[in-house]
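Colleague:
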Amino acid sequence: AQSVTQLGSHVSVSEGALVLLRCNYSSSVPPYLFWYVQYPNQGLQLLLKYTTGATLVKGINGFEAEFKKSETSFHLTKPSAHMSDAAEYFCAVSPPGGTSYGKLTFGQGTILTVHP
Amino acid sequence: NAGVTQTPKFQVLKTGQSMTLQCAQDMNHNSMYWYRQDPGMGLRLIYYSASEGTTDKGEVPNGYNVSRLNKREFSLRLESAAPSQTSVYFCASSARSLETQYFGPGTRLLVL
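These protein sequences, in sequence, are chains A and B. Be aware that the first sequence starts at 1, since it is given in the numbering used here, and climbs by one per residue. Be aware that the second sequence starts at 1, since it is given in the numbering used here, and climbs by one per residue.
1. So for B/K14, helix, strand or coil by DSSP?
2. Which of the three DSSP states, helix, strand or coil, is assigned to A/L61?
3. Compute the distance between the beta-carbons of A/W35 and A/L7, then report whether it is under 7 angstroms.
4. Starting from B/Y35, follow the beta strand (DSSP E) in both directions and report where the run begins and ends.
5. What would DSSP say about B/Q85, mapped onto helix, strand or coil?
6. Using the Cα positions of B/R44 and A/S12, report the straight-line distance between them to the nearest angstrom.
7. Please classify A/S9: does DSSP put it in a helix, a strand, or coil?
8. Within 8 angstroms, do at least three Cβ pairs link the region 1–18 of chain B to the region 101–115 of chain A?
9. Quick one: which chain C residues come within Cβ less than 7 angstroms of A/Y32?
10. Nearest-angstrom Cα distance between A/R22 and A/C91?
11. Determine the closest residue to B/N62 out of B/N70, B/R77, B/M32, B/E73, with distance taken between C-alpha atoms.
12. Measure the Cβ-Cβ separation of A/A87 and A/V19 and say whether it is below 7 angstroms.
13. Quick one: residues in its chain with C-beta nearer than 7 angstroms to the C-beta of B/M41, no 5 flanking neighbours on either side, listed in chain order?
14. Extract the residue ranges of the alpha helix (DSSP H) inside the region 23–106 of chain A, only unbroken runs of 4 or more that lie entirely within it.
15. How long is the line joining the alpha carbons of B/M27 and B/A2, rounded to whole angstroms?
16. Short of 6 angstroms in beta carbon distance, which residues of its chain neighbour A/S14, apart from the five on each side in sequence? Order them along the chain.
17. Between B/Q6, B/V4, B/G16, B/T5, which lies nearest to B/L112 when the distance is taken from Cα to Cα?
18. The region 40–67 of chain B: which residues have C-beta closer than 9 angstroms to a C-beta of chain A, in chain order?
19. Pop quiz: B/S177 and B/T20 are said to be a contact at Cβ under 8 angstroms. What is the actual Cβ separation, rounded to whole angstroms?
20. Please go through the same chain and pick out, in chain order, the residues whose beta-carbon is closer than 8 angstroms to the beta-carbon of A/L64, but skip the five residues on each side of it.
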């Protein structure tokens with residue numbers, strides 16, 4: 001069975017500071033990895049995903065994430081936070097095959113607050 | 001192009017009542033999903049439909065049933081609501097399994 005752990009349910013940064021949201025996964029095989037963002041009272045939207053190939057993945061709104069197999073991690077970063085980045089962020093994994101193919105397992109979420 | 005739509009947006013039920021949450025997508029996607037979101041627990045998959053005519057259980061299917069009415073529509077039914085089913089319910093769709101999932105705006109359900 002696979003699982004996802006997001007370290008820190010709340011992260012607070014100043015505008016212009018580095019954003020780092022941590023995600024570690026547990027899976028018997030290297031999974032496919034996703035980051036979603038949820039703005040207040042809205043559904044989720046995809047920020048970026050890793051399936052195969054280059055381990056550094058760039059997404060929308062200046063976010064990027066790096067798949068590190070040896071550390072079973074997929075941390076999300078953004079060099080300079082903007083007020084509009086305030087939202088809840090979810091890491092998710094899916095096995096690349098088998099009977100659970102396509103089923104996403106989500107982490108518990110990290111609420112990002114950006115201070116002026 | 002509306003994407004994924006869900007009705008109703010908000011519902012209050014009494015314990016034991018039944019209701020159906022409706023979901024429709026206009027993107028010609030094959031796969032559709034139902035999740036529930038509870039504080040501190042992220043989203044958990046209730047049921048999904050990989051393609052029209054097929055449905056499969058997710059992580060938390062107990063107390064729910066689904067119907068893939070056609071390619072566009074995927075409904076979630078609570079036969080006898082319980083307070084533990086108070087949650088925000090999201091429907092999502094994707095072109096195929098593992099493609100990007102697009103989410104609806106959610107339905108907030110309160111069971112008293």
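Just so it is clear, CB atoms sit at the ideal spot from N, CA and C, and this is done for glycine as well. Just so it is clear, the structure is predicted and the values come from calculations on it, not from any experiment.
Modeller: In short:
1. B/K14: coil per DSSP, three-state reduction.
2. Note that residue 61 of chain A is Asn in the sequence shown here, rather than Leu. Three-state result, A/N61: helix.
3. Not closer than 7 angstroms, so no.
4. Residues 31–37.
5. In the structure shown, B/Q85 adopts helical secondary structure according to DSSP, grouped into three states.
6. Across the structure, B/R44 and A/S12 are spaced so that their CA atoms are roughly 26 angstroms apart.
7. In the displayed model, A/S9 falls within coil according to three-state DSSP, outside both helix and strand.
8. Cβ pair count under 8 angstroms is below three, so no.
9. The structure shown contains no chain C; the protein chains it does contain are A and B.
10. Rounded to the nearest angstrom, the two C-alpha atoms are 9 angstroms apart.
11. Ranked by Cα distance from B/N62, the options B/N70, B/R77, B/M32, B/E73 are led by B/R77.
12. Against a cut-off of 7 angstroms, the Cβ pair of A/V19 and A/A87 comes out as no contact.
13. For B/M41, where only same-chain residues beyond five positions count, there are no Cβ hits under 7 angstroms.
14. List check, alpha helix (DSSP H) in window: nothing returned.
15. Between the C-alpha atoms of B/M27 and B/A2 there is a straight-line separation of about 9 angstroms.
16. For A/S14, where only same-chain residues beyond five positions count, the Cβ hits under 6 angstroms are H115.
17. Out of B/Q6, B/V4, B/G16, B/T5, B/G16 has the C-alpha closest to the C-alpha of B/L112.
18. Flagged, chain order: G40, M41, G42, L43, R44, L45, Y48, A50, D56, G58, E59.
19. Since the first and last residues shown for chain B are 1 and 112, residue 177 of chain B lies out of range.
20. At residue 64 of chain A the sequence reads Glu, which differs from the Leu that was named. Taken in chain order, the residues that qualify are L48, L56, V57, K58, L76, T77, K78.
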